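Undergrad: After the structure tokens below, expect a handful of questions from me.
There are 4 protein chains.
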Amino acid sequence: MSRLKMGMVGGGIGSFIGDVHRKAASIDGMIDLVCGAFSSSKEKSLASAKELGISDDRAYGSFEEMIKKEAKLPEEKRMEFVAIVTPNHMHFPPTKMALEHGFHVICDKPLSLTLDEAIELEKTVSSSGKVFALTHNYTGYPMVKQAKAMIAKGDLGTIRKINVHYLQGWLSTAVEKTGQKQAAWRVDPKRSGIGGALGDIGTHAENLIEYITDIKINAIAADLTAFGDGRSLDDDGNVLLRFENGAKGIMSFSQIATGEENNLGVKIYGTKGSVEWYQENPNQLIVKWLDKPKQIYTPGGNGTYPESSAYVRIPAGHPEGYLEGFATIYRSFAKELLGVKNGKDISTNPDFPTVIDGVRGMKFIYAAVESSKNNASWIKMN
Amino acid sequence: MSRLKMGMVGGGIGSFIGDVHRKAASIDGMIDLVCGAFSSSKEKSLASAKELGISDDRAYGSFEEMIKKEAKLPEEKRMEFVAIVTPNHMHFPPTKMALEHGFHVICDKPLSLTLDEAIELEKTVSSSGKVFALTHNYTGYPMVKQAKAMIAKGDLGTIRKINVHYLQGWLSTAVEKTGQKQAAWRVDPKRSGIGGALGDIGTHAENLIEYITDIKINAIAADLTAFGDGRSLDDDGNVLLRFENGAKGIMSFSQIATGEENNLGVKIYGTKGSVEWYQENPNQLIVKWLDKPKQIYTPGGNGTYPESSAYVRIPAGHPEGYLEGFATIYRSFAKELLGVKNGKDISTNPDFPTVIDGVRGMKFIYAAVESSKNNASWIKMN
Amino acid sequence: MSRLKMGMVGGGIGSFIGDVHRKAASIDGMIDLVCGAFSSSKEKSLASAKELGISDDRAYGSFEEMIKKEAKLPEEKRMEFVAIVTPNHMHFPPTKMALEHGFHVICDKPLSLTLDEAIELEKTVSSSGKVFALTHNYTGYPMVKQAKAMIAKGDLGTIRKINVHYLQGWLSTAVEKTGQKQAAWRVDPKRSGIGGALGDIGTHAENLIEYITDIKINAIAADLTAFGDGRSLDDDGNVLLRFENGAKGIMSFSQIATGEENNLGVKIYGTKGSVEWYQENPNQLIVKWLDKPKQIYTPGGNGTYPESSAYVRIPAGHPEGYLEGFATIYRSFAKELLGVKNGKDISTNPDFPTVIDGVRGMKFIYAAVESSKNNASWIKMN
Amino acid sequence: MSRLKMGMVGGGIGSFIGDVHRKAASIDGMIDLVCGAFSSSKEKSLASAKELGISDDRAYGSFEEMIKKEAKLPEEKRMEFVAIVTPNHMHFPPTKMALEHGFHVICDKPLSLTLDEAIELEKTVSSSGKVFALTHNYTGYPMVKQAKAMIAKGDLGTIRKINVHYLQGWLSTAVEKTGQKQAAWRVDPKRSGIGGALGDIGTHAENLIEYITDIKINAIAADLTAFGDGRSLDDDGNVLLRFENGAKGIMSFSQIATGEENNLGVKIYGTKGSVEWYQENPNQLIVKWLDKPKQIYTPGGNGTYPESSAYVRIPAGHPEGYLEGFATIYRSFAKELLGVKNGKDISTNPDFPTVIDGVRGMKFIYAAVESSKNNASWIKMN
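Chains as they are written, first to last, in the UniProt record's numbering: chain E, 1 to 382; chain Y, 1 to 382; chain D, 1 to 382; chain H, 1 to 382.
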């Protein structure tokens, strides 16, 4: 099996998400990082390349340079896809250019700075004939896939109630004023877009429930707040949810929930049973039943479906974590690329989040902001 | 210490809440049950009395009979207070009559069938010069009191986010059509009032967060649903919350959350820290901090305040439960009565829920129903 | 239903276990405390009686006085049974005397100061024709009874491994030197007997596993330690266990396990499945299976057997605690007494711990001490 | 930074632990797998190589062939270290040969088939001037390192009690007779040595407690059992522990603990506090104190020491798992090799388990077997 060659935009040494992408890409031994525009400073990009064991001539000072120069390299050397791990405002430009130059793309979420960009990217992906993946990584956890499979098979009956929360506390104080880079761009509308916590984590929550249930949100009523002094973007939000099938629900997300680390959790209730899952302890799925005792499923453990156990790397009881969930997105993306390389058509319903999920996330951001401006009135998401 | 003499309205053998009240009243050895109108059928009331070891002449066929006859008994024999443990529509009449005949009253929640009744009762209590307690029993748990004390002392800083849920699954199917009495009256507007799950458990959630934080809800936007076939009252609700101090939050309650037993939980976030508590495992309070490791407090355990440890009956590590929490309301009520007996004034801010909490609960029900009728528009609660 | 009349030996105001017994006796409304020798000081006994609402003439200065004087009272006034809640050295004398004067007895554990006393009491109980109960209260928890029922029905297959621990930290420092009464008698061989933590909590652990599995311990190898400066009795012990059916296991108990409150837990493994239970969160039984997902049973919850749900006082999800488990012993004892009053024979296998369990506990203490003196050699327990 | 070149002995496609080693080696981007004797069949080794993207000429049919041929390759191509991932009986031969041919070695545990081999390897490592690491991977978890650091700093005071368990259920039935390869060699003394579960997981438990506490076990009394029909090696064991500093403890391990997956847990009690950790939920360390509330530490979370946070790859709340813990051993080993390559001396106390830990593990196996043969008599481990 030959390995796939990856280029990267962003993710210089010290970046959080760039390092996550690199580790996630390497766990399963299918991908080699061969080049990068790790920074908009050529010097910093070179330094990162050196640290990562990449030769100087493959370290670029801009994504434009990278895409153009790589495109001219011989095929056996040339990168095959681009991983985009920049702040939100820098998702659209390199994604579009890479696709148009014949490279597949895997991009961090949310899809883009604006909804217009998202809609344009949907068209670009389609016309490019290239593969595009969005790293809504929480869909990569085996227990999330188990929940999805149980609902798809009807084990829980008709879904009637969906509650989701994503609670962090790292913006409880004004860390953006302390030189913390992660915070600085997230509270800046120029780099984040119109959503703050909403775009950063609310979209994960939205994606997760639609992924697990395969039921679309129909309308939302959102109450967004910027608690932090001087912040123009929300750092907290509460949302009423109505789903296309008549289910109701609630979402709460926050980056000022003091003391919370990365508390993403979901509870989904059907007529026959329910599922409950928490990201911070991801190796268990709590399943409650109308008339049987509560069960705890574990990755690869007794009673799990192939739809989840296929994503488990190690025997039951050996916990997998965030990086493995992330790696699952990369592995599925890599398998798709290998298929395409071998002449298969691009999948219409691939095993990873796509540009369609990305557009949906941007619609969620826009609907929530509009709702909140109108005192939490209902806004349709279709 | 002489024991207080209690009469009971409702709570015939086989009733859920009547038995709870009796056990709660007896745990601390301060109260004796001496008479009761346990049923509107004299025969059934007699049968219950026999079972409970109460003499036939103190078993009454109606609350009117009980109140009138007891009022004529000599003081050393006469009941001193009435516990009212009937369905909602039967809270107002016996409460009012008992107060007006000089008896103290402890009543199950919600306060009454209608808001008008509640407002009238507030006046009656005031003019009667008698003590009235409402059994919002969840305020009796030591860890709830610990959370309240920590917030009152400012340990958590300014409160900014309050999330609460109360999830049950026992009405997931149409049990009211199977002869289940608990279900039958709860889905019947004539006996329950205008709120279903809203009145039954939503009011507990509302009371709990206002009790713990001492911050009033300012306005709510509620989305109520009757999922059960043919139900006219809500069996599920999701609510956006805005508090008088600027905090925001969310409430979700349900009786169709399949597989849930009695999952009442609360998460409250301040600028310095947060608290998290779950009724099904009530002997721990999870406290998260801005800059210190997460802590777990236990009743009477290390670091607890007198404001909570005073309510602990047994050493740390010996779990107390629902009945003890309930008993704490009874004990505080009993202490108040003993004080009054000994010539103390009635407390203006007693250590148990009062008619004012009851009015507040009714306002919450009415605001939620009005909001929901208006597509979850904001309704003030003041 | 007439109530049973209880006298008490020990348990003056401020005592831990006396108050527990009183609350446990009162929860179910079947028992009235009518008299007591609450202290060996008449004055203190009177003070306690006053506090407890007992008339002065029923407050005695010694158990001898109480037993003799009560025996002369008319039957409708006379106490019917005695609750003995003194330190270990004061279990035997009042138990023996009460039985011989025609009173039933319920006594705290361990049964006696010495094994000889225990063996003598077994005979006295037998010859007295009276009912004797020992308050190994942890057998009263519904989930303990569920575990017992599952094993009895063969759900777990053949039992092969039994691990139990009982860990407390309250003797981590020399609290016995600070005037703490609970500590003072527990470290004193004259009042505790030859076992320290061994007798105080090790016997609970021993009783619990034999109760749940109905399999006897065959032999033990015990390593006891007195970590506390100047202590002559063990405050920590580790024990290898061999069972009559070939199962093996391990026990660890301690009162110097710093930070532990009352951590009693058990894991029992059969050929088909296993059960796991923890006293500090007693309302769940974790059941693991050879080939099915792990389950969590709750009191009165889905799938529980009548053998456990019969002991639940309130609906599933409403936690019961230590007092309720304790109360279950009292309730079963009270039902037995009512039966005997109504002419039934004394049960040969009653629904509460008996003198036989008490003798067994004393044998365990003696075997452990002998083993430990012989460098943890194996000592038979039969 | 140039990457290190790894060869592998064993670990053909389908093997559990081989795949774990490969993923662990690749996560941090410091190591490339360049060759392997993946199977004793040349054909199978070639197939595995193809699957792993390794060229045919680097796939060997035996470790001897690999070591000899690689030794002759030019330095820039030649493997730099060997990872040995075979059953126990095949640890010693390739380790010894590789070291003697100038290759560093990282080897799975236990160190060898026999204690004699282990002692010989200790000498070989010493004389070879090469680096040797043993993959006691559970020492790689950040919360294990946090516990170690807290004890080293004296936060818990003097350690007095150490309880450890490692419970699995996968050998509850005779899976070794079903063609399950993992089971087949583990129950075979020719391939496993004299310990069954003892060597497979007991040694992990032994290593973990000595690693965390830095206190040596002084003597053990072990009761080993082979519950499985026809098994000659233990599949279950219970052990009393005495430590060099006077602490006492207990160990229980099993592979017939039905329903358990990979339940390794440890509780360590000092005079001031205690720590508790479970491998199946590895991202929390429970810390209990003499006089403060219980705390929960998380990797990289509030209050963690640099000694643990240095090993965290992603922000607090993003769970790491088994592969990351394993990868930490590889990363530390790789850093040591890079240091040595750059002229540093070999560390005398490196940041990964060494041959000394391996000898210790073998001594534990031999002491436990001897003790068990002598009816659980005490055997010294020094």
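No residue lacks a Cβ here, since even glycine has one placed at the ideal position from N, Cα and C.
A quick note: this is a predicted structure, and the numbers were derived from the prediction, not measured.
Expressed to the nearest angstrom, what Euclidean distance is found between the alpha-carbon atoms of residue 126(Y) and residue 132(Y)?
TA: The C-alpha of residue 126(Y) lies about 9 Å from the C-alpha of residue 132(Y).
Undergrad: At the 7 Å Cβ level, is residue 383(Y) part of the contact set with chain D, yes or no?
TA: Absent from the model: residue 383(Y). The displayed extent of chain Y is 1 to 382, so no value can be given.
Undergrad: Using 7 Å as the threshold, is the C-beta distance between residue 53(D) and residue 3(Y) below it?
TA: yes
Undergrad: Which residues, in chain order, does the region 273-305 of chain Y contribute to contact with chain H at a C-beta distance below 7 Å?
TA: Within the region 273-305 of chain Y, those residues whose Cβ lies closer than 7 Å to any Cβ of chain H are, in chain order, 289, 291, 292, 293, 294, 295, 296, 297, 301, 302 and 303.
Undergrad: Can you give the Cα-Cα distance for residue 104(H) and residue 139(H), rounded to whole angstroms?
TA: Distance between the alpha carbons of residue 104(H) and residue 139(H) is about 21 Å.
Undergrad: So is residue 234(E) in contact with chain Y if we call contact Cβ pairs under 7 Å?
TA: no
Undergrad: Between the Cα of residue 201(H) and those of 214(H), 186(H) and 213(H), spot the shortest distance and give me the residue it belongs to.
TA: 186(H)
Undergrad: So, helix, strand or coil for residue 146(Y), using DSSP?
TA: If DSSP states are grouped into helix, strand and coil, residue 146(Y) belongs with the helices.
Undergrad: Would you mind listing the beta strand (DSSP E) stretches within the UniProt domain "GFO/IDH/MocA-like oxidoreductase" (144-276) of chain Y that are 3+ residues and don't spill past its ends, in chain order?
TA: 159-167, 217-225, 236-243, 248-254 and 263-270
Undergrad: Is the CB of residue 262(E) under 7 Å away from at least one CB in chain H?
TA: Judged by the 7 Å Cβ criterion, residue 262(E) is in contact with chain H.
Undergrad: Strictly under 7 Å for the Cβ-Cβ distance: is residue 223(E) near chain Y by that measure?
TA: yes
Undergrad: If the cut is a Cβ gap below 7 Å, which residues of chain D does residue 250(H) touch?
TA: 238, 250 and 252
Undergrad: Within 10 angstroms of the Cβ of residue 210(E), are there 16 or more other Cβ atoms? Answer buried if so, exposed if not.
TA: buried
Undergrad: How about residue 252(Y) and residue 165(Y): are their beta carbons less than 7 Å apart?
TA: yes
Undergrad: Using the beta-carbon of each residue, which ones in chain D are nearer than 7 Å to residue 172(H)?
TA: 271 and 290
Undergrad: Assign residue 249(E) to one of two classes, buried (16 or more other C-beta atoms within 10 Å of its C-beta) or exposed (fewer than that).
TA: buried
Undergrad: Residues of chain Y with a CB under 8 Å from the CB of residue 49(E): which are they?
TA: What residue 49(E) touches in chain Y: nothing, since even the nearest Cβ is about 36 Å away.
Undergrad: Would you say residue 394(E) lies against chain H (beta-carbon separation less than 7 Å)?
TA: No answer is possible for residue 394(E): it lies beyond the span of chain E, which begins at 1 and ends at 382.
Undergrad: Using a Cβ-Cβ cut-off of less than 9 Å, give me the residues of the region 161-190 of chain H that come near chain D, in sequence order.
TA: Residues passing the 9 Å Cβ filter: 161, 163, 165, 167, 169, 172 and 173.
Undergrad: Could you give the distance in angstroms between the alpha-carbon of residue 385(H) and the alpha-carbon of residue 18(H)?
TA: Residue 385(H) falls outside the range modelled here, since chain H spans only 1 to 382, and no answer is possible.
Undergrad: Under the three-state reduction of DSSP, which class applies to residue 52(D): helix, strand or coil?
TA: Note: residue 52(D) maps to coil in three-state DSSP.
Undergrad: Name the chain D residues that come within less than 7 Å of residue 382(H), Cβ to Cβ?
TA: In chain order: nothing, as chain D lies at least about 18 Å away.
Undergrad: Could you give the DSSP three-state label for residue 369(D): helix, strand or coil?
TA: helix
Undergrad: Using a Cβ cut-off of 7 Å, pull out every chain H residue sitting near residue 213(D), in sequence order please.
TA: Within chain H, no C-beta atom comes less than 7 Å from the C-beta of residue 213(D); the nearest is roughly 14 Å away.
Undergrad: Are the region 367-381 of chain H and the region 222-233 of chain H in contact at 8 Å, needing three or more beta carbon pairs?
TA: yes
Undergrad: Could one say the Cβ of residue 334(E) lies closer than 7 Å to chain H's Cβ atoms, at least one of them?
TA: no
Undergrad: Please confirm whether residue 383(D) and residue 40(D) have their CB atoms less than 7 Å apart.
TA: Residue 383(D) falls outside the range modelled here, since chain D spans only 1 to 382, and no answer is possible.
Undergrad: Would you say residue 316(H) reaches chain E, if we count a Cβ-Cβ gap shorter than 7 Å as a contact?
TA: yes
Undergrad: So, does the region 254-262 of chain H touch the region 166-177 of chain H, judging by three or more C-beta pairs under 8 Å?
TA: yes
Undergrad: Is residue 257(Y) close to chain E, meaning its C-beta is less than 7 Å from at least one C-beta of that chain?
TA: yes
Undergrad: Show which residues of chain E have a CB atom less than 7 Å away from the CB atom of residue 324(H).
TA: Close to residue 324(H), with beta-carbon spacing below 7 Å, are these residues of chain E in chain order: 321 and 323.
Undergrad: Relative to the C-alpha of residue 27(H), which residue among 87(H), 325(H) and 264(H) is closest?
TA: Nearest of 87(H), 325(H) and 264(H) to residue 27(H), Cα basis: 325(H).
Undergrad: Give a yes or no on whether the C-beta atoms belonging to residue 83(D) and residue 327(D) are separated by under 7 Å.
TA: no
Undergrad: Using 10 angstroms around the beta-carbon of residue 358(E), count the other beta-carbons present and answer buried if the total reaches 16, otherwise exposed.
TA: Classification of residue 358(E): buried, given that the 10 Å Cβ count is 16 or more.
Undergrad: Within 10 Å of its beta-carbon, does residue 154(H) have 16 or more other beta-carbons around it, so buried, or fewer, so exposed?
TA: With fewer than 16 neighbouring CB atoms inside 10 Å of its own CB, residue 154(H) falls in the exposed class.
Undergrad: Mind listing the chain Y neighbours of residue 375(E)? Cutoff is C-beta to C-beta under 7 Å, in chain order.
TA: 378
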